[in-house]
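Accompanying notes for the structure given below.
In our numbering, the protein residues as written are 40 to 353.
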């Protein structure tokens with residue numbers, strides 16, 4: 040660079056750069072692994088695109104260290120709901136008409152069968168039946184689940200709950216009356232969704248490093264929990280929420296792309312740029328901004344349990 044001007048050079052073969060940048064050189068192109076196929080070759084503006092071979096998959100929610108083999112068939116008492124794809128395993132469920140209309144089939148997100156949400160897990164243990172990536176929920180449990188998932192939804196969420204109940208009431212009115220029978224209802228709904236009050240958002244509590252420890256060391260130590268708890272599919276979005284440039288994120292991805300290392304590199308870049316302003320609360324706040332408040336709360340609890348941080352006393 041001379042006289043405050045710079046000269047841009049084209050990327051060489053097997054190199055690329057996707058965004059405007061001030062890098063001194065282009066990034067090296069990716070090579071697909073043996074268990075993958077190449078969807079599109081590397082170009083000067085885009086990296087090589089790879090996908091798992093037929094019959095194998097990798098969940099987009101996790102780093103793809105190795106493609107997993109899809110199930111070849113469904114169990115004898117289930118049928119295929121969705122085929123195997125490069126991003127999800129074969130999905131199975133009960134044959135149509137084998138379960139009551141009072142139950143709903145609730146699909147879990149691909150790749151998350153082993154760790155469904157706490158609500159689904161609790162309902163599955165007490166009243167539901169988990170089959171592959173699906174959980175049977177009764178109408179009441181469905182409403183409980185909807186209520187829990189949408190607690191941040193404001194007034195519109197409560198309207199949806201009321202509309203759901205209104206629809207069910209209409210359906211019951213259309214059914215022929217049976218002498219001596221009592222129309223079913225959704226017990227506990229009024230307790231779940233009082234018509235005159237709305238949930239109050241839980242106040243966020245800041246964290247402070249425990250006394251006697253180096254705050255910088257504690258912050259870096261927290262990166263491991265962030266890397267484990269922030270969903271893989273949201274890593275790039277999280278990097279943008281931390282004001283990292285697209286090329287910063289791309290550069291971080293060059294570090295063992297199929298492990299947690301790129302996430303550590305993103306946080307290292309962020310910490311180096313923020314300097315003394317870097318704090319665990321800034322990392323948590325960025326999660327709230329991209330609608331991952333539940334993840335932020337879980338991370339806060341784990342950091343306190345770990346003994347690295349404590350809740351700030353107002």
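Cβ coordinates follow ideal geometry from the N, Cα and C atoms, glycine included.
Give the range of the beta strand (DSSP E) segment to which residue i is assigned.
i: residue 132; result: 130 to 132
i: residue 348; result: 348 to 350
i: residue 91; result: 88 to 91
With residue i and residue j assumed to form a contact (beta carbons below 8 angstroms), what rounded beta-carbon distance in angstroms separates them?
i: residue 86; j: residue 69; result: 5 angstroms
i: residue 116; j: residue 92; result: About 30 angstroms; that fails the 8 angstroms criterion.
i: residue 55; j: residue 90; result: Not a contact, Cβ separation roughly 18 angstroms.
i: residue 256; j: residue 349; result: About 16 angstroms separates the two Cβ atoms, so there is no contact after all.
i: residue 329; j: residue 305; result: Not a contact, Cβ separation roughly 14 angstroms.
i: residue 281; j: residue 309; result: 5 angstroms
Quick one: what does DSSP say residue i is sitting in, helix, strand or coil?
i: residue 247; result: strand
i: residue 284; result: coil
i: residue 120; result: strand
i: residue 76; result: strand
i: residue 66; result: strand
i: residue 242; result: coil
i: residue 344; result: helix
i: residue 83; result: coil
i: residue 272; result: helix
i: residue 339; result: helix
i: residue 147; result: Here the model assigns residue 147 a pLDDT of 46, short of 50, so the residue's position is not dependable and the matter cannot be decided.
i: residue 277; result: helix
i: residue 54; result: strand
For the alpha helix (DSSP H) containing residue i, list its first residue and its last residue.
i: residue 354; result: Past the edges of the chain, shown from 40 to 353, lies residue 354, and the structure says nothing about it.
i: residue 325; result: 319 to 328
i: residue 315; result: Looking at the DSSP string, residue 315 is not in any alpha helix (DSSP H), and its letter there is neither H nor E.
For this session: Taking 8 angstroms as the threshold, find out whether the region 344 to 351 comes into contact with the region 285 to 305 through three or more Cβ pairs.
Result: no
Given 8 angstroms as the limit, is there contact between the region 86 to 103 and the region 116 to 125, that is, 3 or more CB pairs closer than that? yes
Notebook entry, point to check: Should the region 51 to 68 be regarded as contacting the region 298 to 307, the criterion being three or more beta carbon pairs within less than 8 angstroms?
Noted result: no
| field | At least three beta-carbon pairs within less than 8 angstroms, the region 266 to 282 to the region 99 to 113 | value | yes
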